[in-house]
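Position in the sequence shown counted from 1, then plus 292, gives you the working numbering.
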Amino acid sequence: MPETESFVSVKLKPGQEDRLRAGHLWVFSNEIAGVEGPAEPGSLAQIFTAGGESLGLAFYHPNSLIAARLLTSKVEAIDAAFFHKRLAAALAYRQRACPGETSFRLAFGESDGLPGLVADRYGDTVVLQVFSAGMEARLPLIEAALKELLDPRGIFLKNDHRARQLEGLPGECRLLCGTVPERVAISEGGLRFWVPIGEGQKTGHYFDQRENRAFLRPWFKDRAVVDLYCYTGAFAVNAAKSGAKAVLAVDSSGPAVALAKENAKLNGVSEAMTCDEADAEAVLESFASGRQPFRPDLILLDPPSLVPSKKHLPKALRAYAKLNSLALKALAPGGVLATSTCSHHVDRESFVGMLRYAAGKARRAARLTALRGQAADHPVLLAMPETEYLHFALLEVL
Numbered sequence: 293m294p295e296t297e298s299f300v301s302v303k304l305k306p307g308q309e310d311r312l313r314a315g316h317l318w319v320f321s322n323e324i325a326g327v328e329g330p331a332e333p334g335s336l337a338q339i340f341t342a343g344g345e346s347l348g349l350a351f352y353h354p355n356s357l358i359a360a361r362l363l364t365s366k367v368e369a370i371d372a373a374f375f376h377k378r379l380a381a382a383l384a385y386r387q388r389a390c391p392g393e394t395s396f397r398l399a400f401g402e403s404d405g406l407p408g409l410v411a412d413r414y415g416d417t418v419v420l421q422v423f424s425a426g427m428e429a430r431l432p433l434i435e436a437a438l439k440e441l442l443d444p445r446g447i448f449l450k451n452d453h454r455a456r457q458l459e460g461l462p463g464e465c466r467l468l469c470g471t472v473p474e475r476v477a478i479s480e481g482g483l484r485f486w487v488p489i490g491e492g493q494k495t496g497h498y499f500d501q502r503e504n505r506a507f508l509r510p511w512f513k514d515r516a517v518v519d520l521y522c523y524t525g526a527f528a529v530n531a532a533k534s535g536a537k538a539v540l541a542v543d544s545s546g547p548a549v550a551l552a553k554e555n556a557k558l559n560g561v562s563e564a565m566t567c568d569e570a571d572a573e574a575v576l577e578s579f580a581s582g583r584q585p586f587r588p589d590l591i592l593l594d595p596p597s598l599v600p601s602k603k604h605l606p607k608a609l610r611a612y613a614k615l616n617s618l619a620l621k622a623l624a625p626g627g628v629l630a631t632s633t634c635s636h637h638v639d640r641e642s643f644v645g646m647l648r649y650a651a652g653k654a655r656r657a658a659r660l661t662a663l664r665g666q667a668a669d670h671p672v673l674l675a676m677p678e679t680e681y682l683h684f685a686l687l688e689v690l
């Protein structure tokens with residue numbers, strides 16, 4: 293370590309090191325026996341077992357439930373070279389996982405050894421989300437590494453996620469460096485999409501569903517498709533381009549619906565795709581009750597995360613079950629439901645159990661045709677179930 297860099301000493305309670313040795317990267321506040329040193333939010337800390345063995349270096353936060361986020365099992369300089377090496381490895385992985393693509397999730401937090409950092413690349417524009425005080429304090433180092441690796445036109449900070457509150461970080465959306473347009477056009481699977489920078493959901497585009505959109509293409513042909521929570525229409529455009537006989541895209545956000553219309557035009561499917569600003573649950577109820585003039589053959593259900601914390605999980609599962617029950621009820625035999633959840637608090641077993649309950653509530657027999665997850669540019673760290681957050685299922689009504 294450089295002589296100028298000081299760090300906190302964090303000692304664990306007896307028996308709390310096994311999970312960390314297995315590869316998990318979080319230390320929770322109730323696992324700590326004592327702390328020595330200037331314990332400021334985002335401080336660099338060396339983690340020790342109760343017996344005095346070093347487990348490596350971490351970002352430390354004295355007021356967070358996740359008290360420490362491990363960076364490395366060694367004692368090394370956490371400097372510009374460190375971030376350059378981690379981001380270079382992340383970029384090399386995406387170039388293998390997404391060959392030929394120039395837009396993808398470049399860094400996925402803990403899965404890339406960069407706890408609390410998300411970076412999405414949109415061609416020559418990079419959008420960052422920061423969730424830890426440690427990463428926030430080292431933004432200049434991250435900026436320097438990204439400039440060396442990508443030479444981007446601009447880097448934008450999209451720090452409006454509620455998770456930042458857990459580390460005492462303010463919400464803000466601002467330009468970090470360079471210039472960034474209000475929106476950029478990206479390519480995905482041979483299709484083009486306008487992506488809003490700054491005003492959109494997440495960082496602008498849902499890269500995590502990239503492979504599920506491609507997977508569904510054969511299922512769309514000759515079907516009447518309803519895409520609920522469509523956002524900017526990525527699923528709906530894929531459906532229209534894949535031979536769906538009709539596509540209805542629904543979202544409660546007016547700007548999202550307007551952009552979905554533009555994305556339909558960009559891909560030459562405006563005549564096959566109708567975009568409506570409406571409440572998804574109300575639309576589902578109208579289909580389930582037969583009040584709509586047609587019956588869908590395929591429903592896409594990709595709601596936002598309904599689980600802000602673990603204590604909300606039971607309520608959220610009931611809400612997910614209601615939506616999926618209505619969707620299944622709206623489908624005739626032979627109909628297909630493509631449904632997702634996007635919270636790490638909902639594990640795969642809970643997701644499938646919720647679908648089983650929803651099918652029973654709808655009085656529909658259904659076949660689980662596929663059970664999938666997030667795209668490869670959102671890799672899952674085996675030792676951290678928290679990094680597996682997206683679950684996707686394809687159900688056929690019998």
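Virtual Cβ for every residue (Gly too), placed ideally from N, Cα, C.
Applying the criterion that 16 or more other CB atoms from any shown protein chain within 10 Å of the CB defines a buried residue, is residue i buried or exposed?
i	result
PRO294	Any reading at PRO294 must be qualified, since the residue scores a pLDDT of 38, below 50, and its modelled position is unreliable; no value is offered.
GLU428	buried
PHE586	exposed
LEU357	exposed
LEU449	buried
PHE527	buried
GLU309	buried
LYS621	buried
ALA695	With the chain represented from 293 up to 690, any question about residue 695 goes unanswered, as that position is not in the structure.
GLU368	exposed
LEU312	buried
SER617	buried
GLU328	exposed
PHE320	exposed
ASP412	buried
Going along the chain, which residues of its own chain have a beta-carbon closer than 6 angstroms to the beta-carbon of residue i, five neighbours each way excluded?
i	result
GLY452	A small correction: the amino acid at residue 452 is Asp; Gly does not occupy that position in the sequence shown. The residues are GLY463 and CYS465.
GLN584	SER578
ILE478	SER395, TYR414, PHE485 and VAL487
PHE299	LEU336, ALA337 and GLN338
THR296	A caution first: THR296 carries a pLDDT of 47, below 50, which makes its placement in the model unreliable, though a value can still be read off. The answer is none, since no qualifying residue turns up.
LEU520	VAL542, ALA572 and LEU593
ALA613	MET646, TYR649 and ALA650
ALA425	PRO333, GLY334, HIS353 and GLU459
LEU609	MET646
ARG515	ALA536, ASP589 and LEU590
ASP416	PRO444 and ARG445
GLY326	LYS303
Can you check which of these residues, the options, is closest to residue i by C-alpha distance?
i	options	result
PRO407	GLY392, GLU459, VAL542 and VAL418	GLU459
ASP500	HIS353, ALA657 and SER635	SER635
THR631	SER597, LEU605, LYS607 and PRO625	SER597
ALA564	ALA531, LEU576, GLY627 and LEU551	ALA531
ASP589	LEU558, SER545, LEU605 and ALA536	ALA536
LYS377	PRO432, ALA668, LEU438 and LYS653	LEU438
VAL418	LEU383, SER617 and CYS522	LEU383
GLY401	GLU569, ARG386 and VAL422	VAL422
ARG239	GLU328, HIS316 and THR495	Outside the modelled stretch of the chain, which goes from 293 to 690, sits residue 239, for which no answer is possible.
ALA331	ALA325, PHE320 and ASN355	ASN355
GLU491	VAL367, ILE370, VAL476 and LEU674	VAL476
VAL575	ALA399, ASN555, TYR681 and CYS522	CYS522
ALA359	VAL302, SER545, VAL518 and LEU409	VAL302
TYR498	LEU317, LEU483, GLY481 and THR524	THR524
GLU323	LEU615, LEU558 and GLY307	GLY307
PHE374	ALA675, GLU435 and TRP318	GLU435
GLY652	LEU690, LEU551 and GLU480	LEU690
So, are the CB atoms of residue i and residue j less than 9 angstroms apart?
i	j	result
LEU379	LEU441	yes
LEU363	ALA350	yes
SER346	THR679	no
HIS604	HIS637	yes
VAL529	ALA556	yes
ALA265	ALA314	In the structure displayed, the chain extends from 293 to 690; residue 265 sits before or after that span and is not available.
Might you give, ordered along the chain, the residues of its own chain that have their beta carbon closer than 7 angstroms to the beta carbon of residue i, omitting 5 neighbours on each side?
i	result
SER534	ARG509, PHE512 and LYS513
PRO473	ILE489
Here's a check: name, in chain order, each residue in its chain whose Cβ is nearer than 8 angstroms to the Cβ of residue i, leaving out the five neighbours to either side.
i	result
GLY470	PRO444, ARG445, GLY446 and ILE447
ALA381	ASP404 and GLY405
THR566	ALA538, VAL539, LEU540 and ALA541
VAL672	SER403, GLY665, GLN666, THR679 and GLU680
PRO677	HIS636 and ASP639
Practice item. Quick one: which unbroken beta strand (DSSP E) runs of 3-plus residues sit fully inside the segment 576-657? Chain order, please. Key: 590-593 and 628-634
Review point. Quick one: complete alpha helix (DSSP H) runs, 4+ long, within the segment 351-421?
Key: 372-389
Practice item. Can you check the segment 429-512 for any beta strand (DSSP E) of at least 3 residues that lies completely inside it and give the ranges in chain order? Key: Runs of the beta strand (DSSP E) inside the segment 429-512: 446-451, 464-470, 475-480 and 483-488.
Point to revise | Completely contained alpha helix (DSSP H) runs for the segment 542-572, where each covers 4 or more residues | key: 546-558
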